[in-house]
Amino acid sequence: MSWIIEESNDASSAINVQGNTVTCQKEDFYGSPINVLWKDPADKSGLYYWQIEFLQLDKQGNASVGLTTQDHFKAGYAIKSMEYNGKRMNLRSDSKVSSFSISVINVVVSFSANGEATIIRLKQVPTSLDRQEEQFNGIEGHWKLVDYPQHSDCTGYHFHLFKKDGTDNNVYSLSTRVINTMNSILCHDPSTNQWQSQSGMSTMMGGDQESMRKEGVISELTNGITGVELQGQKLVITSNGNQVKLERYTPEPPQTYTKNVFAREY
66 MSWIIEESND ASSAINVQGN TVTCQKEDFY GSPINVLWKD PADKSGLYYW
116 QIEFLQLDKQ GNASVGLTTQ DHFKAGYAIK SMEYNGKRMN LRSDSKVSSF
166 SISVINVVVS FSANGEATII RLKQVPTSLD RQEEQFNGIE GHWKLVDYPQ
216 HSDCTGYHFH LFKKDGTDNN VYSLSTRVIN TMNSILCHDP STNQWQSQSG
266 MSTMMGGDQE SMRKEGVISE LTNGITGVEL QGQKLVITSN GNQVKLERYT
316 PEPPQTYTKN VFAREY
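Just so you know, the sequence shown maps onto residues 66 to 331 in this note's numbering.
Structural data, given as structure tokens:
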């Protein structure tokens with residue numbers, strides 16, 4: 066039983082393995098995921114149930130858990146796999162059909178942020194998922210746009226605001242999504258109490274004209290931020306001379322899926 070590490074310069078310096086626990090610590094930006102595969106020779110054919118627990122994971126990034134074969138296990142985005150990262154199931158492939166039906170399936174973890182994960186083989190199928198609700202202080206947390214006087218049709222979008230490195234009170238990462246996921250960095254100058262938005266990365270998907278218009282409005286909002294203030298239970302953001310209000314919300318946790326997809330149990 067062991068973790069197999071992708072062959073890349075990033076992985077060789079970032080990954081550390083201790084038994085069934087793997088740690089990924091990369092100093093700079095993740096241009097592509099760093100993949101590790103868990104290889105455990107099966108003592109018999111049949112079903113195996115695995116529990117992967119993230120002991121630590123940076124808030125500004127994510128990690129995916131999924132399935133692949135040893136032949137399909139590659140570095141970065143070259144991997145072919147089925148993965149889940151809390152949002153949707155992804156089939157990572159280079160536009161070719163990926164078939165695992167006659168191959169040995171292995172668990173794979175893809176880190177797109179610093180974190181630590183451990184894997185345990187379970188003796189029986191899990192039937193529930195226990196998750197504690199996150200508690201946040203100050204301006205950090207998950208926020209929903211509820212008041213935008215200049216664009217009342219652009220409310221309801223979710224914003225995620227966290228300290229960039231977990232400790233600096235003056236540098237935050239902000240992400241939101243309309244069609245594309247948009248990420249930016251917010252820097253606070255305590256001497257003037259002014260905020261400045263530094264444009265970050267965005268995915269490049271297209272959408273219908275109305276959705277793209279709203280995405281432009283939200284993008285302009287995040288890029289023009291000059292003030293962030295907590296007022297009671299609401300977050301007030303000043304952008305381009307206007308103020309918008311957001312309120313806390315709790316994201317829906319993923320539901321457990323305990324059926325055998327390989328036996329077409331849906």
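Glycine is no exception: its CB is placed at the ideal position from the N, C-alpha and C atoms.
Which class does residue i belong to by DSSP, given the choice of helix, strand or coil?
i	result
Glu118	strand
Gly370	With the chain covering only 66 through 331, there is no way to say anything about residue 370.
Asp254	strand
Gly126	coil
Asn202	coil
Val282	helix
Asp277	The sequence given here places Met at residue 277; Asp does not occur at that position. Met277: helix per DSSP, three-state reduction.
Ser249	strand
Asn234	coil
Thr220	coil
Asn305	coil
Ser164	Residue confidence for Ser164 is low, a pLDDT of 46 falling below 50, so the modelled location carries little weight; the figure read from the coordinates is stated next. Coil.
Asp75	helix
Gln135	coil
Thr241	strand
Whole-angstrom Cβ separation of residue i and residue j, contact assumed at under 8 angstroms?
i	j	result
Asn245	Glu280	7 angstroms
Pro98	Phe201	Contact doesn't hold; Cβ gap of about 27 angstroms is too wide.
Leu120	Glu181	5 angstroms
In angstroms with no decimal places, state the Cα-to-Cα distance between residue i and residue j.
i	j	result
Asn100	Ile204	33 angstroms
Asn258	Gly292	8 angstroms
Asp218	Val282	10 angstroms
Thr88	Arg186	19 angstroms
Glu102	Val190	Note on residue identity: the sequence assigns Leu, not Glu, to residue 102. So the two alpha carbons sit approximately 21 angstroms from each other.
Gln296	Cys252	19 angstroms
Phe94	Gln308	32 angstroms
His216	Arg278	11 angstroms
Phe224	Pro106	43 angstroms
Asp254	Leu226	17 angstroms
Asn234	Lys228	7 angstroms
Leu239	Lys124	11 angstroms
Asp230	Leu112	40 angstroms
Asn155	Asn127	Because Asn155 carries a pLDDT of 47, less than 50, the predicted location of this residue cannot be relied on, and the following value inherits that uncertainty. Near 14 angstroms, if we compare the C-alpha coordinates of Asn127 and Asn155.
Thr134	Val82	20 angstroms
Thr183	Glu148	17 angstroms
Asn171	Glu317	28 angstroms
Thr241	Ala79	28 angstroms
Val174	Val130	5 angstroms
Tyr213	Met269	25 angstroms
Ile69	Phe138	9 angstroms
Val236	Ile250	7 angstroms
Please confirm if residue i has its CB atom under 8 angstroms from at least one CB of chain B.
i	result
His223	Absent here is chain B; the protein component of the structure consists of one chain.
Do three or more CB pairs link the region 201-209 to the region 134-143 at distances below 8 angstroms?
-> Output reads no: the region 134-143 does not touch the region 201-209.
For the 8 angstroms Cβ check, are there 3 or more pairs between the region 280-290 and the region 256-269?
-> Proximity of the region 280-290 to the region 256-269 meets the contact definition, three or more beta-carbon pairs being nearer than 8 angstroms.
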